[in-house]
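Peer 1: My structure is below; once you've seen it, I'll send some questions.
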Ligand code: FE2
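Numbering (the numbering used here), first residue to last: 1 to 438.
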């Protein structure tokens, strides 16, 4: 007896009609037409089924502040940082938890079950750190939070940050963060990169730094981080986030640097939504893909001092990545979808991830036939499964269009559009489905 059986799924790799059997929180069988009883059956005929989405970069402590008596007029990074410094004076552990919990409910409903949270440690009382550590524990059955100790006001620039970093890591943060381009000088930034990577190496932690968060082509903290990843042999344990300056590097330097990044084995975590609003440029994703660098994506901001929109949906991020990054070839579009699933899992080093026998029974059933239809529609998630149990459901979305003598029922999929062209609709008189051209 299986706990759960997903029937006739389309998979990200193009296979269709695949059953996925789950028992004791794991995938125990996968293939066409699996026989056997199951406590719960999810019919996924013609629907895309993916592993959970992965957000490699979300400032969860600041989320949902936008509109709560606060707006960001320019959308620019530094207005956001100044506003955030003010806002965090009055926030409490409970208020951080309440806002983050609400947004994580949206995330779970959207099949986003792994989040790397940038958590500001520049607070003498470390309220954000305490709030997110408590929430990580509380929500463990539903979603995995990986917490970055992020010195928002600069590791050396903020006089409390050096001490706060040690205290936050002692409390149980998972990842050492940084913001080297926000230090007072470029050399201070290089020193911060070196010191923070050494701390991570000593403690056996991952590294994820905000790197060159500026369109300035002279900002080159990324090469210091690459050097440390190589020197300390940390490779895949290191991520560089944002990196918009790379878009404006001259091509000769960018080619050399991207070769070094590929050699180091480090990850690049990109935030297309705020890349568009804060800087108007996104890092060189296409070139990074070509060089074999692992790219992950993050929402970065959801209704916070930097960005007014968002709903915990990585498909919004993929859509922006493809459009804003002009990643329009079939190959690159597929790579973007890989980045919001497997690429994110590689950057976060998630164990047991993916649709394979023996992996965690974590699955998302989407109201779309394939990855690109999912990106185009950002459709309802019909079922979100965590460790073999349904954690969230949404009804299938549909629209009714009332034409003379007929009602067209649409769900915006290509298949449905074809059907409406054949004028197959529900008859107002008999309620049945038939062709009204007879
Ligand atoms: Fe960020």
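C-beta: ideal position from N, C-alpha, C; glycine also.
Below 6 Å CB to CB, which residues in the same chain sit around residue 359 once its five sequence neighbours on both sides are set aside?
Peer 2: 27, 352, listed in sequence order.
Peer 1: Sorry if obvious, but does the Cβ on residue 66 come closer than 7 Å to a heavy atom of the ligand FE2?
Peer 2: Answer for residue 66: no, Cβ out of range of the ligand FE2.
Peer 1: On the DSSP bridge list, what partners appear for residue 497?
Peer 2: Outside the shown range of the chain (1 to 438) lies residue 497, about which nothing can therefore be said.
Peer 1: Among 233, 293, 240, which has the Cα closest to the Cα of residue 255?
Peer 2: Comparing Cα-Cα distances from residue 255 to each of 233, 293, 240, the minimum goes to 293.
Peer 1: Which first and last residues belong to the alpha helix (DSSP H) in which residue 80 is found?
Peer 2: Residue 80 -> alpha helix (DSSP H) spans 77–87.
Peer 1: I need the DSSP call for residue 72, collapsed to helix, strand or coil.
Peer 2: It is coil, neither helix nor strand.
Peer 1: Cα separation between residue 12 and residue 200?
Peer 2: Answer to the nearest angstrom: the Cα atoms are 35 Å apart.
Peer 1: For the beta strand (DSSP E) holding residue 245, just list the boundary residues, first then last.
Peer 2: Note, residue 245: premise wrong, no beta strand (DSSP E); alpha helix (DSSP H) at 245–248.
Peer 1: With a 10 Å radius around its C-beta and 16 neighbouring C-beta atoms as the bar for buried, classify residue 181 as buried or exposed.
Peer 2: Looking at its Cβ environment, which holds 16 or more other Cβ atoms inside 10 Å, residue 181 is buried.
Peer 1: Once the 5 residues before and after residue 3 are set aside, which same chain residues still bring their CB inside 6 Å of it?
Peer 2: Hits under 6 Å: 22, 23, 39, 388.
Peer 1: Out of 315, 310, 105, 317, which has the shortest C-alpha to C-alpha gap to residue 139?
Peer 2: Ranking the options by Cα distance to residue 139, first place goes to 105.
Peer 1: Return helix, strand or coil for residue 416, following the three-state DSSP convention.
Peer 2: Helix at residue 416.
Peer 1: Return yes when at least one heavy atom of the ligand FE2 lies under 7 Å from the C-beta of residue 219, else no.
Peer 2: Residue 219 Cβ: outside cutoff for every heavy atom of the ligand FE2.
Peer 1: Given the structure, does residue 271 come close to the ligand FE2, in the sense that its CB is under 7 Å from one of the ligand's heavy atoms?
Peer 2: Because some heavy atom of the ligand FE2 lies under 7 Å away, the Cβ of residue 271 counts as near it: yes.
Peer 1: Any contact of the region 379–398 with the region 107–119, i.e. 3+ C-beta pairs under 8 Å?
Peer 2: Yes, the region 379–398 is in contact with the region 107–119.
Peer 1: May I have a chain-ordered list of the alpha helix (DSSP H) segments no shorter than 4 residues that lie completely inside the region 264–296?
Peer 2: Complete alpha helix (DSSP H) runs here, min 4: 285–290.
Peer 1: Cβ-heavy atom distance between residue 286 and the ligand FE2 below 7 Å?
Peer 2: No, Cβ of residue 286 sits at least 7 Å from all heavy atoms of the ligand FE2.
Peer 1: Taking three-plus beta-carbon pairs below 8 Å as touching, is the region 229–246 in contact with the region 258–270?
Peer 2: With a cut-off of 8 Å, the region 258–270 and the region 229–246 count as touching, because enough Cβ pairs lie within range.
Peer 1: Just the Cα atoms here: how many angstroms apart are residue 428 and residue 402?
Peer 2: Bear in mind that a pLDDT of 46 at residue 428, under 50, signals an unreliable position, so the number given afterwards is only what the model happens to contain. Taking the straight line from one Cα to the other gives about 10 Å.
Peer 1: Which value, in whole angstroms, describes the spacing of the CA atoms of residue 269 and residue 406?
Peer 2: Cα to Cα, the separation comes out at about 49 Å.
Peer 1: Assign residue 320 to one of three DSSP states: helix, strand, or coil.
Peer 2: Correct three-state label for residue 320: helix.
Peer 1: Just to confirm before moving on: does the CB-CB distance between residue 295 and residue 248 stay below 8 Å?
Peer 2: No, they are not a contact pair.
Peer 1: Let me make sure I understand the geometry here. Which of 333, 416, 363 has the alpha-carbon closest to that of residue 372?
Peer 2: Out of 333, 416, 363, 333 has the C-alpha closest to the C-alpha of residue 372.
Peer 1: Do the region 126–146 and the region 94–105 meet, that is, are 3 or more Cβ pairs less than 8 Å apart?
Peer 2: Output reads yes: the region 94–105 touches the region 126–146.
Peer 1: By alpha-carbon positions, which one of 317, 219, 178, 218 ends up nearest to residue 209?
Peer 2: Of 317, 219, 178, 218, the residue nearest in Cα terms is 178.
Peer 1: Nearest CA to the CA of residue 381: which residue from 375, 390, 365, 370?
Peer 2: Out of 375, 390, 365, 370, 365 has the C-alpha closest to the C-alpha of residue 381.
Peer 1: Report the partner residues of residue 211 according to the DSSP bridge assignment.
Peer 2: Paired residue(s): 242.
Peer 1: Buried or exposed: which applies to residue 250, given that a residue is buried once 16 or more other Cβ atoms fall within 10 Å of its Cβ?
Peer 2: It counts as exposed.
Peer 1: What does DSSP give as the partner residue(s) for residue 22 in the beta ladder?
Peer 2: 4, 27.
Peer 1: Can you tell which of 152, 279, 306 has its C-alpha closest to the C-alpha of residue 243?
Peer 2: Closest by alpha carbon: 279.
Peer 1: For residue 319 and residue 258, I'd like the C-alpha separation in whole angstroms.
Peer 2: Their backbone Cα atoms lie some 24 Å apart in a straight line.
Peer 1: Quick check on residue 157: does DSSP put it in helix, strand or coil?
Peer 2: Three-state DSSP puts residue 157 in coil, outside helix and strand.
Peer 1: Given this structure, state the Cα-to-Cα distance separating residue 374 from residue 411, to the nearest angstrom.
Peer 2: Using only the alpha carbons, I get a separation of about 12 Å.
Peer 1: Considering only residues of the region 188–237, which uninterrupted alpha helix (DSSP H) runs meet the minimum length of 4 residues and lie entirely inside it, listed in chain order?
Peer 2: Taking only runs of at least 4 residues, the alpha helix (DSSP H) segments lying wholly in the region 188–237 are 221–231.
Peer 1: Following the continuous alpha helix (DSSP H) through residue 373, name the residue where it begins and the one where it ends.
Peer 2: Where residue 373 is concerned, the enclosing alpha helix (DSSP H) stretches over 371–377.
Peer 1: Should the region 342–351 be called in touch with the region 75–84, which here means at least 3 C-beta pairs below 8 Å?
Peer 2: Judged by Cβ distances under 8 Å, the region 342–351 makes no contact with the region 75–84, as fewer than three pairs qualify.
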